[in-house]
Amino acid sequence: MGCVSSKQFKRAAEHEDPAILAKETTFSVSEVEALYELFKKISHSIFKDGLIHKEEFQLALFRNSNKKNLFADRIFDLFDLKHNGVVDFGEFVRSLNIFHPETPLAEKISFAFRLYDLRGTGYIEREELYEMVLAILNESDLFLSDDAVEQIVDQTFKQADLNGDGKIDPDEWKAFASKNPALLKNMTLPYLKDITMAFPSFVLNSGVDEEEL
Amino acid sequence: RTCNAFQLISSMSSGFDLSGMFESE
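Chains as they are written, first to last, in the numbering used here: chain A, 35 to 247; chain B, 264 to 288.
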């Protein structure tokens, strides 16, 4: 299809080559190009510099650039592979690739582990899980007593912390997540399977029209 | 049915649900 050929994808020239990104990921070249539509929209929503800033990420997720959310923060930090405070197009595509329906489960399990390992110690620790449960209750305007929260954390550790050392290591997490696939629900975005359908505007807008007018 | 903290997070967190990003179209 001429309308989605990479030759015509001139506007992404300052970003990484879609062919390289397609080679490294589950996405085809035209899907990478369609993702550029989404990237462009998000990265121009506030700062218009072609990079996604945290506020823009929050705006895309919540329609609100000031909404503080522990998990959105974590996801943003994991997307920011170069740790420079912004997400460029290559980081965006490589990170979203983990959420592709056809990406191996092992990659999704590992990403979720890093998400939950709040302090990057290599383990999901009790205090981290406690903190995350509080955050989720807070986000949902739910109140539970400290005892009830402790109980949830205890229960979870009873199931996941197989060697009983008070922290969940990557192998324990792998076993636990494999046994409970519902835990990985958020790690698959069906939208990514038909990304060119989700962003038909790319197909309509791409090509010579904008470049030559 | 036992309550599991990670289940709670994955079913309730809006920040860990990236679909919102695709629904703004």
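Backbone N, C-alpha and C fix where the C-beta goes; we use that ideal spot for every residue, glycine too.
Contact criterion: CB-CB distance below 8 angstroms. Does residue i meet it with respect to chain B?
i: methionine 231 of chain A; result: no
i: tyrosine 248 of chain A; result: In the structure as shown, chain A begins at 35 and stops at 247. Residue 248 of chain A is therefore absent and cannot be evaluated.
i: alanine 94 of chain A; result: yes
i: leucine 238 of chain A; result: With a pLDDT of 48 at leucine 238 of chain A, under the threshold of 50, the modelled position of that residue is not reliable, and the figure given next carries that caveat. Cβ-Cβ to chain B under 8 angstroms: no for leucine 238 of chain A.
i: phenylalanine 323 of chain A; result: Residue 323 of chain A lies beyond the residue range present for chain A, which begins at 35 and ends at 247; the question has no answer from this structure.
i: lysine 208 of chain A; result: no
i: isoleucine 86 of chain A; result: no
i: tyrosine 225 of chain A; result: yes
i: isoleucine 132 of chain A; result: no
i: threonine 137 of chain A; result: no
i: threonine 60 of chain A; result: no
i: valine 38 of chain A; result: Unreliable placement is indicated for valine 38 of chain A, whose pLDDT of 47 sits below 50; the coordinate value is still reported in the next sentence. It does not: the Cβ of valine 38 of chain A has no partner Cβ on chain B nearer than 8 angstroms.
Taking residue i as the query, report the chain B residues whose CB atoms sit under 7 angstroms from its CB, ordered along the chain.
i: serine 63 of chain A; result: In the sequence as presented, serine is not what sits at residue 63 of chain A; that position holds valine. Residues of chain B passing the Cβ test: none, with the nearest at roughly 20 angstroms.
i: leucine 163 of chain A; result: Ala268
i: leucine 217 of chain A; result: Phe269, Gln270, Ser273
Check each candidate in the options and name the one with the smallest Cα separation from residue i.
i: isoleucine 54 of chain A; options: A:Glu206, A:Thr155, A:Gly156, A:Gly124; result: A:Gly124
i: isoleucine 170 of chain A; options: B:Gln270, B:Ser276, B:Phe285; result: B:Ser276
i: methionine 166 of chain A; options: A:Thr155, A:Asp151, A:Glu89, A:Ala211; result: A:Asp151
i: valine 121 of chain A; options: A:Glu173, A:Leu85, A:Ser144, A:Leu93; result: A:Leu85
i: phenylalanine 147 of chain A; options: A:Ile80, A:Phe96, A:Ile186, A:Asp205; result: A:Asp205
i: glutamate 159 of chain A; options: A:Val187, A:Leu223, A:Phe73, A:Glu141; result: A:Val187
i: aspartate 199 of chain A; options: A:Ala68, A:Ala182, A:Ser179, A:Tyr157; result: A:Tyr157
i: glutamine 270 of chain B; options: A:Leu163, A:Phe145, A:Asn197, A:Met231; result: A:Leu163
i: aspartate 175 of chain A; options: A:Glu161, A:Asn103, A:Ala209; result: A:Asn103
i: leucine 72 of chain A; options: A:Phe110, A:Ile80, A:Ala94, A:Glu58; result: A:Ala94
i: lysine 227 of chain A; options: A:Ile76, A:Lys57, A:Glu136; result: A:Glu136
i: glycine 119 of chain A; options: A:Ile202, A:Phe210, A:Glu90; result: A:Glu90
i: lysine 101 of chain A; options: A:Lys88, A:His134, A:Glu184; result: A:Lys88
i: isoleucine 272 of chain B; options: A:Ser129, A:Leu168, A:Ala140; result: A:Leu168
i: asparagine 267 of chain B; options: A:Phe191, A:Leu223, A:Leu196; result: A:Phe191
Show which residues of chain B have a CB atom less than 8 angstroms away from the CB atom of residue i.
i: threonine 222 of chain A; result: Here the premise fails: no neighbours, minimum Cβ distance about 10 angstroms.
Quick one: list the residues of chain B neighbouring residue i, beta-carbon separation under 9 angstroms, in chain order.
i: threonine 186 of chain A; result: It is worth fixing the name first, because residue 186 of chain A is isoleucine in this sequence and not threonine. Ordered by position in chain B, the residues that pass the 9 angstroms Cβ test against isoleucine 186 of chain A are Cys266, Asn267, Ala268, Leu271.
Measuring only between beta-carbons, confirm whether residue i sits less than 8 angstroms from chain C.
i: alanine 216 of chain A; result: Absent here is chain C; the protein component of the structure consists of chains A and B.
*asked:* If the cut-off is 7 angstroms on Cβ atoms, which residues from the region 168–180 of chain A count as contacting chain B, listed in chain order?
replied: Ile170, Glu173, Ser174
*Which ranges would you report for the alpha helix (DSSP H) in the region 114–158 of chain A if only whole runs of at least 4 residues count?*
123–131, 139–150
*Got a sec: which bits of the region 98–121 of chain A sit with their beta carbon under 8 angstroms from any beta carbon on chain B, in order along the chain?*
Asn103, Leu104, Phe105, Ala106, Asp107, Arg108, Ile109
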